[in-house]
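Trainee: Questions regarding the structure given below will be posed in turn.
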Amino acid sequence: MRVHHLCVATMCPLAGRLVNTHGRLVCHALLLELDAGLVLVATGLGEAALADPTRLGPTRWVSGFDLDPDGTALSRIRALGLDPADVRHVVLTHLDPDHAGGLSDFPEAAVHVHTLELEMARRRAGPHRVRYRPAQWAHGPKWQPSEPSGESWLGFEAVRDLPGLPPEVLLVPLFGHSPGHCGVAVDCGDRWLLHCGDAYFHAGEMDRDTPRSSIGLSIFQRLACDDHRARLHNRDRLRALKRDQGDHVEVFCAHDPDELDRYG
Ligand SMILES: [Zn+2]
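Letter by letter, the sequence shown follows residues 88 to 351 in this note's numbering.
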């Protein structure tokens with residue numbers, strides 16, 4: 088398996104340096120080259136948002152989305168010399184616009200997501216009305232909703248046997264940021280990668296001795312989360328995972344630029 092770490096969206100929020108020392112967030116995606124074809128974990132904003140930023144919803148006023156056409160998943164895949172039409176599967180941690188906005192760029196791909204996340208995104212009840220943007224799935228994605236069953240993964244519940252995907256790719260429920268938010272675990276043979284999505288936002292949150300974040304991200308995470316206690320619980324479990332299994336599990340989140348740079 089070949090793994091590419093891509094930046095498929097950039098955000099320069101109004102809070103700037105209150106967010107991190109860069110004043111910038113990334114959307115860290117994985118592109119896996121498998122026998123089953125290309126597998127994309129996180130789509131970023133997508134080409135349609137460049138043409139019509141209103142698709143991103145009201146959060147675009149504070150998120151500072153960068154609409155550079157060279158920064159989309161499509162452009163990044165082409166820059167690797169690969170064909171976006173070969174993306175057979177998209178695996179999503181959740182359905183926020185900065186992760187699912189590019190779904191329409193991969194209309195033939197199976198889209199794997201936790202069943203609860205898809206249900207809540209379709210229902211759009213209460214505060215979820217602002218969060219979930221139906222224009223992003225108006226083209227009718229080939230949804231493959233899944234729930235955990237059977238054997239756990241390193242003490243975490245896990246969705247194994249995602250339809251059409253090999254057992255090396257798992258969904259790991261990490262609820263809190265959104266109702267059905269998951270991480271994505273990838274078995275690279277000698278180590279696991281765990282893409283934690285928005286289960287945490289700042290690399291300092293995983294520090295074993297002095298966990299820390301920034302004031303801007305602490306406030307944002309509190310406001311943006313669906314279940315505060317579940318989010319903190321799962322963040323603490325991830326910190327323990329990194330502490331206890333860090334020699335063979337690499338943990339990273341979607342939005343920290345320093346974590347993405349480690350793979351640069
Ligand atoms: Zn996000």
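All C-beta atoms in this analysis are idealised placements derived from N, C-alpha and C, irrespective of residue type, glycine included.
(1) Report the three-state DSSP secondary structure of Asp274 (helix, strand or coil).
(2) Who are the near neighbours of Phe339 in its chain, counting only those whose CB is closer than 6 Å to its CB and skipping five residues on each side?
(3) Excluding the 5 residues preceding and the 5 following Trp279 in the sequence, name in chain order all residues of the same chain whose CB lies nearer than 6 Å to its CB.
(4) Can you confirm whether Trp240, when its beta carbon is compared against all beta carbons of chain B, has any partner nearer than 8 Å?
(5) Would Val113 and Pro298 qualify as a contact pair, given that the criterion is a beta-carbon distance under 8 Å?
(6) Give the C-beta separation of Phe262 and His342 to the nearest angstrom, bearing in mind that I take them to be a contact with Cβ-Cβ under 8 Å.
(7) Among residues of its own chain, excluding the 5 on either side of Pro266, which ones have a beta-carbon nearer than 7 Å to its beta-carbon?
(8) Helix, strand or coil, according to DSSP, for Phe152 in the structure here?
(9) Where do the N-terminal and C-terminal ends of the beta strand (DSSP E) with Met98 fall, by residue?
(10) List the DSSP bridge partners of Leu43.
(11) By Cβ distance, which residues of its chain are closer than 6 Å to His215, with the 5 residues on each side in sequence left out?
(12) Taking a contact to mean a Cβ-Cβ separation below 8 Å, would you say Leu249 touches Ser239 in this structure?
(13) So Asp260 is in the alpha helix (DSSP H); what residue range does that whole segment cover?
(14) Less than 7 Å separating the Cβ of Ala286 from some heavy atom of ligand 3?
(15) Is there contact between the segment 291 to 310 and the segment 244 to 260, where contact requires at least three CB pairs shorter than 8 Å?
Mentor: In this structure, then:
(1) strand
(2) Glu346
(3) Ala272 and Val336
(4) The question asks about chain B, but that chain is absent: this structure has only one protein chain.
(5) no
(6) Not confirmed; about 18 Å, so no contact.
(7) Leu203, Glu204, Met207 and Asp313
(8) strand
(9) Arg89 to Met98
(10) Within the shown structure, residues of the chain are numbered from 88 to 351, placing residue 43 beyond reach of any answer.
(11) Met207
(12) no
(13) A small correction: the amino acid at residue 260 is Pro; Asp does not occupy that position in the sequence shown. Premise fails: Pro260 lies in the beta strand (DSSP E), Val256 to Pro260, not in any alpha helix (DSSP H).
(14) Inclusion of ligand 3 in the displayed structure is not the case, the ligand content consisting of ligand 1 alone.
(15) Contact between the segment 291 to 310 and the segment 244 to 260 is absent, because fewer than three Cβ pairs lie under 8 Å.
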